[in-house]
Amino acid sequence: MADPGSLAEPGTPEAELLSRVDLARLPRHVAIIMDGNGRWARQRHLPRVEGHRAGVAAVRDTVEAAARLGLEHLTLYAFSVENWKRPRAEVWTLMNLLKEYLRREIDTLVRHDIRFAPIGRWRELDPSVVATLERGIAATAGCRGMRFNIALNYSGRCEIVDACRSIVAEFAAGRRVEIDEATLSRSLYTAGQPDPDLLIRTSGEMRVSNFLLWQIAYSEIRVTPVLWPDFRRRHLLEAVLDFQGRERRFGGVGEEAGDDAGTPEPAVRPDAAGA
Ligand code: FPP
Numbered sequence: 016m017a018d019p020g021s022l023a024e025p026g027t028p029e030a031e032l033l034s035r036v037d038l039a040r041l042p043r044h045v046a047i048i049m050d051g052n053g054r055w056a057r058q059r060h061l062p063r064v065e066g067h068r069a070g071v072a073a074v075r076d077t078v079e080a081a082a083r084l085g086l087e088h089l090t091l092y093a094f095s096v097e098n099w100k101r102p103r104a105e106v107w108t109l110m111n112l113l114k115e116y117l118r119r120e121i122d123t124l125v126r127h128d129i130r131f132a133p134i135g136r137w138r139e140l141d142p143s144v145v146a147t148l149e150r151g152i153a154a155t156a157g158c159r160g161m162r163f164n165i166a167l168n169y170s171g172r173c174e175i176v177d178a179c180r181s182i183v184a185e186f187a188a189g190r191r192v193e194i195d196e197a198t199l200s201r202s203l204y205t206a207g208q209p210d211p212d213l214l215i216r217t218s219g220e221m222r223v224s225n226f227l228l229w230q231i232a233y234s235e236i237r238v239t240p241v242l243w244p245d246f247r248r249r250h251l252l253e254a255v256l257d258f259q260g261r262e263r264r265f266g267g268v269g270e271e272a273g274d275d276a277g278t279p280e281p282a283v284r285p286d287a288a289g290a
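Under this note's numbering, read the sequence shown as residues 16 to 290, first letter to last.
Quick look at the structure:
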């Protein structure tokens, strides 16, 4: 449930950041590439899995803060299709952390009116993980606050392939389907949700790593050097403030330039590509 005031104790750095956030202009959808768990562990001479374990606390704080702030959608990239290349023990730990997180946090998610939804080819995961995810979906199905997507066994390219397959299946079932951007968007795992306004990547890496490839076409990107296990609500607030300072043009011209009375009609159709 949105309650920005409950995000920060008065007099704290978080309260100061919050006071500068324009609550009427929040990004509707924030997506996060959680990166740097391994490096966080290495800096402490710990096994990599300890970085993932510490990353769970960052997930907990970020999800709660995002809901309190009033974001409508939060998408976290937890496990990619490519992550199967990691050592078996690391994959096993990640799956167990996920199950443990959900078992422990379900009540908190419900209390905050957060609706949980895995995205990706998550039904191909171990049956024990699938069962836990299904329990999470069922328990939060009635929640009407923030939608919390976890990308699991996810790949942006696979998502586009799966969308194409479902469109072909509609054709095969005899339905008339237009092949256009709207049809593709509503065939994605994120159907019905707005595209991310803001994409955050931790640990300083400048890559999109096969994440929400269709949906991030016009997302603002913030890369922070903070390693994921150190990420907390203040970093989310900093990212939102950065976002609010950006001018979004969606391929058009800036607001000031657009005010120019002499601006001619667009020379190309409005849905054509632009940078
Ligand atoms: C990237 O760090 C992180 C991951 C591949 C997994 C993220 C998982 C968690 C935060 C914990 C469990 C998640 C949930 C939702 C409870 P990396 O290992 O690639 O770091 P490195 O680049 O420093 O090696």
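Even glycine gets a Cβ: it sits at the ideal position worked out from N, Cα and C.
Here's the rule: buried if 16 or more other CB atoms are within 10 angstroms of the residue's CB, otherwise exposed. What is residue i?
| i | result |
| --- | --- |
| residue 183 | exposed |
| residue 161 | buried |
| residue 124 | buried |
| residue 48 | buried |
| residue 120 | buried |
| residue 291 | Past the boundaries of the shown model lies residue 291; the chain is included only from 16 to 290, so the question cannot be answered. |
| residue 27 | exposed |
| residue 222 | exposed |
| residue 268 | exposed |
| residue 165 | buried |
| residue 244 | buried |
| residue 38 | exposed |
| residue 260 | exposed |
| residue 178 | buried |
| residue 58 | exposed |
Whole-angstrom Cβ separation of residue i and residue j, contact assumed at under 8 Å?
| i | j | result |
| --- | --- | --- |
| residue 116 | residue 71 | 5 Å |
| residue 73 | residue 167 | Not quite, the Cβ-Cβ distance comes to about 17 Å (not below 8 Å), so this is no contact. |
| residue 4 | residue 228 | Since the first residue shown for the chain is 16 and the last is 290, residue 4 is missing from the structure and cannot be characterised. |
| residue 41 | residue 252 | Not a contact, Cβ separation roughly 11 Å. |
| residue 19 | residue 83 | 6 Å |
| residue 203 | residue 185 | At roughly 14 Å, the Cβ-Cβ gap does not stay under 8 Å, so residue 203 and residue 185 are not in contact. |
Does the Cβ of residue i lie closer than 7 Å to at least one heavy atom of the ligand FPP?
| i | result |
| --- | --- |
| residue 107 | no |
| residue 81 | no |
| residue 219 | no |
| residue 50 | yes |
| residue 134 | no |
| residue 214 | no |
| residue 243 | yes |
| residue 67 | yes |
| residue 70 | yes |
| residue 308 | Outside the modelled stretch of the chain, which goes from 16 to 290, sits residue 308, for which no answer is possible. |
| residue 53 | yes |
| residue 165 | yes |
| residue 98 | yes |
| residue 116 | yes |
| residue 203 | no |
| residue 64 | no |
| residue 144 | no |
| residue 74 | yes |
| residue 319 | There is simply no residue 319 to check, as the chain begins at 16 and stops at 290 in what is shown. |
Please identify the residue among the options whose C-alpha is closest to the C-alpha of residue i.
| i | options | result |
| --- | --- | --- |
| residue 154 | 166, 122, 46 and 39 | 122 |
| residue 307 | 22, 219 and 211 | Residue 307 cannot be examined here, being either before or after the span of the chain that is shown, 16 to 290. |
| residue 143 | 118, 217 and 235 | 118 |
| residue 55 | 136, 268, 266 and 246 | 246 |
| residue 258 | 238, 267 and 243 | 238 |
| residue 80 | 127, 60, 174 and 58 | 127 |
| residue 220 | 50, 25 and 19 | 50 |
| residue 98 | 260, 169 and 177 | 169 |
| residue 133 | 206, 59 and 57 | 206 |
| residue 196 | 224, 187, 189 and 232 | 232 |
Within its chain, find whatever has a CB closer than 6 Å to the CB of residue i; leave out the 5 residues flanking it on each side and keep chain order.
| i | result |
| --- | --- |
| residue 17 | 85 |
| residue 130 | 155, 158 and 162 |
| residue 236 | 214 |
| residue 241 | 217 and 250 |
| residue 199 | 178 |
Output needed for residue i: all residues of its chain with C-beta closer than 7 Å, excluding positions within five of it in sequence on either side, in chain order.
| i | result |
| --- | --- |
| residue 67 | 52, 108, 109 and 112 |
| residue 287 | In this prediction, residue 287 scores a pLDDT of 48, lower than 50, which makes its location untrustworthy; the coordinate-derived value is nonetheless stated afterwards. Answer for residue 287: no residue qualifies. |
| residue 141 | 110 |
For residue i, which residues from the same chain have a beta carbon less than 8 Å from its beta carbon, with the 5 sequence-adjacent residues on both sides left out?
| i | result |
| --- | --- |
| residue 43 | 86, 87, 88, 209 and 212 |
| residue 77 | 47, 89, 91, 246, 247, 248 and 251 |
| residue 145 | 137 and 138 |
| residue 36 | 19, 84, 252, 255, 256 and 259 |
| residue 105 | 63, 64 and 67 |
| residue 69 | 52, 55, 56 and 244 |
Does at least one heavy atom of the ligand MG sit under 7 Å from the Cβ of residue i?
| i | result |
| --- | --- |
| residue 124 | The model on display carries the ligand FPP but not the ligand MG. |
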